[in-house]
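Remarks on the structure that follows.
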Amino acid sequence: MANIDENLSIEEKVLFSRAASERAEIVSKYDKGREDGAEIDPWEDPGFEVYHVTDRYGFIHDHQLPKSQGPAEAKAKERERERTQKWLKMTKNWDKYLKTDKVERRIYKGVPLSLRGSVWSLLLCVEETRKKNKGVYEVDELC
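In our numbering, the protein residues as written are 533 to 675.
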């Protein structure tokens with residue numbers, strides 16, 4: 533170890549010394565946990581503001597979001613629940629509904645977020661396209 537220290541420049545020794553002191557500080561904070569007197573950086577605290585200004589769609593807002601929903605938001609969520617039930621019923625019998633005006637009207641009103649992927653798949657006939665083009669649309673392992 534002494535030979536390694538002799539080969540280091542002064543700047544490298546300073547960096548290693550700072551890293552060692554930072555490491556010791558982190559370990560001591562970890563050992564204290566959330567006891568009284570423990571210093572917790574804001575970004576380490578789950579109550580940090582950044583984590584509470586993101587809406588359900590992932591958009592970041594400049595201000596704290598209200599804890600409870602207003603009547604308009606409650607009504608919109610209820611409408612989406614109702615639409616989800618209707619869309620689920622329709623997707624189960626897709627061949628029956630595909631060529632009807634009901635599909636177009638419901639698309640115009642909005643496809644519920646939870647079903648958009650599967651509805652797009654049905655609208656674009658993805659399964660039929662895969663069957664027709666067997667071997668063309670193969671999924672490789674991602675990792």
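Glycine is no exception: its CB is placed at the ideal position from the N, C-alpha and C atoms.
{"Check": "Rounded to whole angstroms, what's the CA-CA distance from I592 to V585? Just pull it up for me.", "Outcome": "6 Å"}
{"Check": "Given T616, which residues of its chain have a CB within under 7 Å of its CB, disregarding the five upstream and five downstream residues?", "Outcome": "P644, S646, L647"}
{"Check": "Using a Cβ distance threshold of 8 Å, determine whether the stretch 626-644 contacts the stretch 590-606, with at least three qualifying pairs required.", "Outcome": "no"}
{"Check": "What do you reckon, are the CB atoms on N638 and W652 nearer than 8 Å?", "Outcome": "Just to set this straight, residue 638 is Arg in the shown sequence, not Asn. Taking 8 Å as the Cβ cut-off, R638 and W652 do not qualify as a contacting pair."}
{"Check": "From the DSSP output, in three-state form, read off I542 for me.", "Outcome": "helix"}
{"Check": "Quick check: the Cα distance between S600 and I542, rounded to an integer number of angstroms?", "Outcome": "57 Å"}
{"Check": "Quick check on this structure: which residue in D627, Y669, G667, K666 has the alpha carbon closest to the alpha carbon of P654?", "Outcome": "Note that residue 654 corresponds to Leu in the displayed sequence, not to Pro. The shortest C-alpha separation from L654 is found at D627."}
{"Check": "DSSP on A534, reduced to helix/strand/coil?", "Outcome": "In this prediction, A534 scores a pLDDT of 49, lower than 50, which makes its location untrustworthy; the coordinate-derived value is nonetheless stated afterwards. Here A534 sits in helix by DSSP."}
{"Check": "Can you tell me which of E538, G642, E660, E544 puts its alpha carbon nearest to the alpha carbon of R611?", "Outcome": "G642"}
{"Check": "Consult DSSP for T586 and reduce its assignment to one of helix, strand or coil.", "Outcome": "strand"}
{"Check": "Just verifying my parser: in three-state terms, what is the DSSP assignment at I572?", "Outcome": "coil"}
{"Check": "Straight-line CA distance for R662 to Y669?", "Outcome": "6 Å"}
{"Check": "Could you pull out every residue in the same chain whose Cβ sits closer than 8 Å to the Cβ of K609, ignoring the five residues on either side in sequence?", "Outcome": "Q601"}
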